[in-house]
Amino acid sequence: MDNDRINESTLIIDAAGRHHQPAGRDARIVSLVPSITELLFDLGLGAHVVGRTAFCVHPVGRVKRVRSVGGTKQVNRDKLHALAPTHVIVNVDETPRRLAEELAEQGYAVVVTHPIEVSDNLALFRLLGALFDRAAPAEALCRRFEQAYDGAVAAAAALPALRVLYLIWKEPWMTVSRDTYISRMLALVRWQTMPEVAEVRYPTIPLTDADLEKVDLVLFSSEPFPFTVSHVAAFQDAHPAHRDSCLLIDGQMVSWYGSRAIAGLDYLTRLAAADRVVTP
Numbered sequence: 001m002d003n004d005r006i007n008e009s010t011l012i013i014d015a016a017g018r019h020h021q022p023a024g025r026d027a028r029i030v031s032l033v034p035s036i037t038e039l040l041f042d043l044g045l046g047a048h049v050v051g052r053t054a055f056c057v058h059p060v061g062r063v064k065r066v067r068s069v070g071g072t073k074q075v076n077r078d079k080l081h082a083l084a085p086t087h088v089i090v091n092v093d094e095t096p097r098r099l100a101e102e103l104a105e106q107g108y109a110v111v112v113t114h115p116i117e118v119s120d121n122l123a124l125f126r127l128l129g130a131l132f133d134r135a136a137p138a139e140a141l142c143r144r145f146e147q148a149y150d151g152a153v154a155a156a157a158a159l160p161a162l163r164v165l166y167l168i169w170k171e172p173w174m175t176v177s178r179d180t181y182i183s184r185m186l187a188l189v190r191w192q193t194m195p196e197v198a199e200v201r202y203p204t205i206p207l208t209d210a211d212l213e214k215v216d217l218v219l220f221s222s223e224p225f226p227f228t229v230s231h232v233a234a235f236q237d238a239h240p241a242h243r244d245s246c247l248l249i250d251g252q253m254v255s256w257y258g259s260r261a262i263a264g265l266d267y268l269t270r271l272a273a274a275d276r277v278v279t280p
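Structure (structure tokens):
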């Protein structure tokens, strides 16, 4: 009975309600989430990361030694199995549900993440810190995050409220609903994403001049579609009346939860204040 109580007290619960015991010193982690791969390194777990996706590009240099198992949605199962991981980290938005279920059925400890609110980063840091014995560095990240978050909220109080269209894809045009981490990040600086209501979290939208009249800014994200200056210029030529409302934005700084969110809060605050391109 005493042992049962001890085991219950050490259980760690992920975003899907899955229960995990603390990992041992021999943890072998495959991360299928780019921003969390970076977070694992920032928690001092780089030596335990044995697999990643091709989109896990940070930290630059160090992550290159980690073997790729394919894309976030098209994972090479054979490559993943060959790495013999103890833990596979997935995300509700980025990992196909069937893949996560399949990996769990095969005996891997599948750790599910799903930040929606910006403040969910705190729980994410603590989840991984508790699971992989990195509580101290996780708390250090929490303190840095809280400082950046409070700074963003304070700065936003002096900013005007704007309606924004955050574009993530073209052909067809796609945006984000308000029920997304991206939208919650933008809301911190008083940028309210449009449309107000959407049936899905990442809706396809029409983009006529009449639609553009309903927004103050059109934000072109650098990912997942890699919008560039040339794309913005073409859009401005097609919609000259809205030429001055177009803005490129670093998608990683807005959509990557984890340790990058700390820099992302500062970046977004400066971008909103300047209303122009800001270097991360």
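Take the sequence shown: its position 75, counting from 1, is numbered 75 in our numbering, and each next residue is one higher.
Just so it is clear, CB atoms sit at the ideal spot from N, CA and C, and this is done for glycine as well.
Legend entry - With 16 other Cβ atoms within 10 Å as the buried cut-off, status of H87: H87 comes out buried.
Legend entry - Beta bridge counterpart(s) of N91 as assigned by DSSP: DSSP lists T113 as partners of N91.
Legend entry - Close beta carbons around D266, own chain, < 7 Å, minus the five adjacent residues each side: A148.
Legend entry - For L188 and V153, believed in contact at Cβ under 8 Å, the rounded distance: A Cβ-Cβ distance of about 6 Å is found for the pair V153 and L188, placing them in contact under the 8 Å criterion.
Legend entry - Close beta carbons around Q236, own chain, < 7 Å, minus the five adjacent residues each side: Correct list, in chain order: R243 and C246.
Inset, instruction - Give a yes or no on whether the C-beta atoms belonging to T113 and D14 are separated by under 9 Å. - result: Taking C-beta atoms as the reference points, T113 and D14 count as a pair closer than 9 Å.
Inset, instruction - Please state whether DSSP places L248 in a helix, a strand or coil. - result: Strand, per DSSP.
Legend entry - Among D93, A130, L39 and A84, nearest to Y181 - alpha-carbon criterion: The residue among D93, A130, L39 and A84 with its C-alpha nearest the C-alpha of Y181 is D93.
Inset, instruction - Label S119 either buried or exposed according to how many other C-beta atoms from any shown protein chain fall within 10 Å of its C-beta, with 16 as the threshold for buried. - result: Label assigned to S119: exposed.
Inset, instruction - Label V218 either buried or exposed according to how many other C-beta atoms from any shown protein chain fall within 10 Å of its C-beta, with 16 as the threshold for buried. - result: The Cβ neighbour count for V218, taken over all protein chains shown within 10 Å, is at least 16; the residue is labelled buried.
Inset, instruction - Using 10 angstroms around the beta-carbon of P160, count the other beta-carbons present and answer buried if the total reaches 16, otherwise exposed. - result: Looking at its Cβ environment, which holds fewer than 16 other Cβ atoms inside 10 Å, P160 is exposed.
Inset, instruction - State buried or exposed for A100, treating a residue as buried only when at least 16 other CB atoms are found within 10 Å of its CB. - result: Here A100 is buried, its C-beta having at least 16 other C-beta atoms within 10 Å.
Legend entry - Three or more C-beta pairs below 8 Å linking the stretch 249-263 and the stretch 32-41: A contact between stretches requires three or more CB pairs, one per stretch, nearer than 8 Å, and the stretch 249-263 meets this requirement with the stretch 32-41.
Inset, instruction - With DSSP collapsed to three states, give me the class of H19. - result: Here H19 sits in strand by DSSP.
Legend entry - Status (buried if at least 16 other CB within 10 Å, exposed otherwise) for R52: Per the 10 Å Cβ criterion, buried.
Legend entry - Beta-carbon spacing of L131, H20 below 9 Å: Yes; because the gap between Cβ atoms is below 9 Å, this pair is in contact.
Inset, instruction - For R98, count neighbouring Cβ atoms within 10 angstroms of its own Cβ and tell me buried if that reaches 16, exposed if not. - result: Classification of R98: exposed, given that the 10 Å Cβ count is below 16.
Inset, instruction - Return the chain-ordered ranges of every alpha helix (DSSP H) run that is complete within the stretch 208-270 and spans a minimum of 4 residues. - result: Listed in chain order, the complete alpha helix (DSSP H) runs (minimum 4 residues) inside the stretch 208-270 are 209-212, 229-238 and 251-255.
Legend entry - Closest Cα partner of R190 within the set A104, L11 and R163: If we check each option's Cα against that of R190, R163 comes out closest.
Legend entry - S221 to L248 span [Cα, whole Å]: Between the alpha carbons of S221 and L248 lies a distance of about 6 Å.
Inset, instruction - Report the rounded CA-to-CA distance for E8 versus E146, giving the unit in angstroms. - result: Its pLDDT being 44, under 50, E8 is placed unreliably by the model, and nothing is read from it.
Inset, instruction - Taking all protein chains shown into account, decide if T269 is buried (16 or more other Cβ within 10 angstroms of its Cβ) or exposed. - result: That one is buried.
Legend entry - Spatially closest choice to A47 from R25, I89, R144 and G151, by CA coordinates: When C-alpha distances from A47 are compared across R25, I89, R144 and G151, the shortest belongs to R25.
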